[in-house]
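First comes the structure, then the notes that go with it.
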Amino acid sequence: MNFWRLFCAGFTFVFPIFFVYVGFWPTSAMVSTISLVLGIVLWSIFALIEFRNFVLKPARADAYYRRIYNSSPNSYATVESISNVGTSSKPKYKYLLKFQNLSGTTVHFSIENKKDLSLMAGQSLPIYINTDEVNPDPPFVIADNRFSFKPSFNPASGLFYVLFIIAYAVGFFLACYALFSNGYGWRFMSPWHPWVWAPIIGIFTTKVIGGVDKYITTSGTNQKLFNKLVTRGLKAEGTIISREHTGTTIMNSPLMKFIVQYSDKQGIQHQAVIKELIAFNDIYKFELNKRPVLYLKDDPSIAKFEYIERSMTEFAHTEPSDASYIMFDNMISD
């Protein structure tokens with residue numbers, strides 16, 4: 001996603017420069033003044049949007065993390081497995097952690113980090129479980145600054161970026177003023193001048209990237225419910241009674257819909273619909289058989305598979321059924 005942000009930044013800050021026309025195309029005083037005001041408004045909106053994205057949100061996240069550290073109970077997670085999901089030249093390590101949540105249930109959660117932290121399977125890590133009952137995001141934090149769920153932009157770098165936007169807008173205008181005013185002020189300004197429509201590109205691309213990012217992260221199990229299940233969920237042995245492809249594929253992973261049946265701790269039977277993004281070569285691990293699920297005590301109809309892990313040993317060596325082969329062929333043909 002950072003690559004696409006840089007790519008779109010090129011369209012916002014570099015692309016319009018090539019459209020600065022050579023010559024003096026004067027407009028009326030009213031049109032030029034309206035264009036100037038419109039440009040100021042658009043640049044201000046763009047700067048405010050980015051201020052919210054890269055300054056306010058990270059600042060609130062920092063404050064939220066400090067509350068977790070100060071008010072959450074201290075616990076420990078065990079590193080159950082480590083795998084490199086990147087390449088040998090650019091490693092990206094996935095750590096499967098196991099810990100007891102606030103309900104006393106042993107749950108699994110995987111995190112990724114681009115650096116080799118020299119952790120070993122079986123090693124314990126101190127964690128703080130998020131006690132937020134509404135939306136525990138993240139579900140826990142590790143008391144080790146080598147790990148982080150935090151956004152890649154901190155408030156300081158975000159503020160520098162916003163100041164760059166303001167400086168760019170002012171500098172761009174002053175450069176055009178020096179080249180094309182010819183003693184007529186801002187009469188060179190018009191609605192089609194690149195200084196006016198450049199922030200529109202920035203606003204549009206920012207909204208598109210934000211929408212795509214939100215769509216990817218919220219597809220499948222609702223993230224808020226997922227976090228709550230990790231921190232407060234109970235575990236049961238579920239049975240997959242049906243599975244189907246929803247017709248949606250994200251990042252080469254189909255969004256699958258499962259109907260799962262399970263009994264809670266009181267022996268009452270429930271059915272839940274679970275949607276998960278499953279890699280093509282992992283679909284065979286979700287046969288119509290038993291699989292552990294997490295559910296909420298106050299709403300047993302809400303459930304999810306305990307964890308989705310490619311290297312899951314109890315399922316990784318299972319031979320795919322004929323139904324899995326047929327489903328895979330149908331999905332490929334679609």
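Letter by letter, the sequence shown follows residues 1 to 334 in full-length UniProt numbering. For glycine and all other residues, C-beta sits at the position ideal for the given N, C-alpha and C.
### Glu80: first and last residue of the uninterrupted beta strand (DSSP E) it sits in
Within the sequence shown, the letter at position 80 stands for residue 80. Per DSSP, Glu80 is one residue of the beta strand (DSSP E) stretching across 74-84.
### Task
Would you kindly report the start and end of the unbroken alpha helix (DSSP H) that includes Glu50?
As a working mapping, residue 50 is identified with position 50 in the sequence shown. For Glu50, the enclosing alpha helix (DSSP H) stretches over residues 29-51.
### Query
Do you know offhand how far Phe204's Cα is from Met189's?
Here the question's residue 204 lines up with position 204 in the sequence shown. Here the question's residue 189 lines up with position 189 in the sequence shown. C-alpha separation (whole angstroms): 22 Å.
### Message
In the DSSP output, which residue or residues are listed as bridge partners for Arg244?
### Response
Numbered from its first residue, the sequence shown carries residue 244 at position 244. Reading the sequence as shown, one finds Glu at residue 244 and not Arg. Beta bridge pairing from DSSP links Glu244 with Lys257.
### Query
Counting pairs of beta carbons, one from the stretch 230-240 and one from the stretch 290-306, are three or more of them closer than 8 Å?
At 8 Å Cβ cutoff, the stretches touch.
### Query
Should Lys275 and Lys257 be called a contact, given that it needs their Cβ atoms to be closer than 8 Å?
Reading the sequence shown from its first residue, position 275 is the one you call residue 275. Reading the sequence shown from its first residue, position 257 is the one you call residue 257. Their beta carbons are under 8 Å apart, which means Lys275 touches Lys257 by this criterion.
### Query
What residues in its chain sit with their C-beta under 8 Å from that of Leu38, if we drop five residues either side in the sequence?
Mapped onto the sequence shown, residue 38 falls at position 38. Around Leu38, the same chain offers Pro191, Val196 as residues with beta carbons nearer than 8 Å, after the five sequence neighbours per side are excluded.
### Message
Let me check one thing: in DSSP terms, what residues is Arg291 bridge-paired to?
### Response
Here residue 291 refers to the residue found at position 291 of the sequence shown. Arg291 pairs with Gly238.
### Task
Under the assumption that Gly169 contacts Trp43 (Cβ atoms under 8 Å), give the Cβ distance between them as a whole number of angstroms.
As a working mapping, residue 169 is identified with position 169 in the sequence shown. As a working mapping, residue 43 is identified with position 43 in the sequence shown. For clarity, residue 169 is Ala in the given sequence; the question names Gly instead. Taking C-beta atoms under 8 Å as the contact rule, Ala169 and Trp43 qualify, at a distance of about 4 Å.
### Query
Per DSSP, what kind of secondary structure is Lys224 in: helix, strand or coil?
For the purposes of this step, residue 224 is taken as residue 224 along the sequence shown, with counting starting at 1. Under the three-state reduction of DSSP, Lys224 is assigned to helix.
### Message
Distance check for Lys224 and Lys98, CA to CA, integer angstroms please.
### Response
Along the sequence shown, one-based indexing puts residue 98 at 98. Along the sequence shown, one-based indexing puts residue 224 at 224. Going by C-alpha positions, Lys98 is about 20 Å away from Lys224.
### Query
For Phe188, which of helix, strand or coil comes out of DSSP?
The residue labelled residue 188 in the question sits at position 188 within the sequence shown. Here DSSP, grouped into helix, strand and coil, assigns Phe188 to coil.
### Query
The alpha helix (DSSP H) with Phe164 in it runs from where to where?
Residue numbering aside, residue 164 sits at position 164 when the sequence shown is read from its first letter. Looking at the DSSP string, the run of the alpha helix (DSSP H) that includes Phe164 is 155-180.
### Message
Could you tell me the alpha carbon to alpha carbon distance between Glu50 and Ser110, rounded to whole angstroms?
### Response
Sequence index remark: in the sequence shown, residue 50 carries index 50 (1-based). Sequence index remark: in the sequence shown, residue 110 carries index 110 (1-based). The straight-line gap from Cα to Cα measures roughly 30 Å.
### Message
In the DSSP assignment, the beta strand (DSSP E) including Tyr93 goes from what residue to what residue?
### Response
Locating residue 93 in the sequence shown gives position 93, where the first residue counts as 1. Looking at the DSSP string, the run of the beta strand (DSSP E) that includes Tyr93 is 93-100.
### Query
Do you know whose CA, among Arg187, Leu159, Leu294, lies nearest Glu237's CA?
For the purposes of this step, residue 237 is identified with residue 237 of the sequence shown, where counting begins at 1. Cα-wise, what sits closest to Glu237 is Leu294.
#### Entry: Residues bridged to Thr106 [DSSP beta-bridge criterion]
Taking the sequence shown and counting its residues from 1, one reaches residue 106 at position 106. In the DSSP assignment, the residues bridged to Thr106 are Gln100.
### Message
Quick check on Pro16: does DSSP put it in helix, strand or coil?
### Response
Locating residue 16 in the sequence shown gives position 16, counting from the first residue. In the three-state reduction of the DSSP assignment, Pro16 falls in the helix class.
#### Entry: For Lys304, the first and last residue of its enclosing beta strand (DSSP E)
Here the question's residue 304 lines up with position 304 in the sequence shown. For Lys304, the uninterrupted beta strand (DSSP E) run begins and ends at 303-305, by DSSP.
### Task
Compare the beta carbon distance of Tyr93 and Val141 with 8 Å and say whether it is the shorter of the two.
Counting from 1 along the sequence shown, the entry for residue 93 is found at position 93. Counting from 1 along the sequence shown, the entry for residue 141 is found at position 141. In this structure, Val141 does not lie closer than 8 Å to Tyr93 by Cβ.
### Query
What's the C-alpha gap between Pro138 and Asn130?
Start at 1 with the first residue of the sequence shown, and residue 138 comes out as number 138. Start at 1 with the first residue of the sequence shown, and residue 130 comes out as number 130. Computed Cα separation, rounded: 7 Å.
### Message
Quick check: is the beta carbon of Leu288 nearer than 8 Å to any beta carbon in chain D?
### Response
Reference to chain D is not applicable here, since this structure consists of a single protein chain.
### Task
Provide the residue span of the alpha helix (DSSP H) that contains Lys57, from first to last.
Locating residue 57 in the sequence shown gives position 57, counting from the first residue. From DSSP, the alpha helix (DSSP H) with Lys57 extends over 57-71.
### Query
Taking the continuous beta strand (DSSP E) assigned at Glu133, which residues delimit it?
Position 133 of the sequence shown holds residue 133. No beta strand (DSSP E) contains Glu133, which DSSP labels as neither H nor E.
### Task
Out of Arg5, Ile17, Phe7, Gly10, state which residue places its alpha-carbon closest to the alpha-carbon of Gly171.
Here residue 171 refers to the residue found at position 171 when the sequence shown is read from its first residue. Measuring from the Cα of Gly171, the nearest candidate turns out to be Ile17.
### Query
Quick one: what's Pro126 bridged to in DSSP?
Within the sequence shown, numbered from 1, the residue matching residue 126 stands at position 126. Looking at the DSSP output, Pro126 sits in a beta bridge with Tyr76.
#### Entry: Rounded straight-line distance, which links the Cα of Cys8 to that of Ala156
Within the sequence shown, the letter at position 156 stands for residue 156. Within the sequence shown, the letter at position 8 stands for residue 8. Rounded to whole angstroms, Ala156 and Cys8 show a C-alpha spacing of 22 Å.
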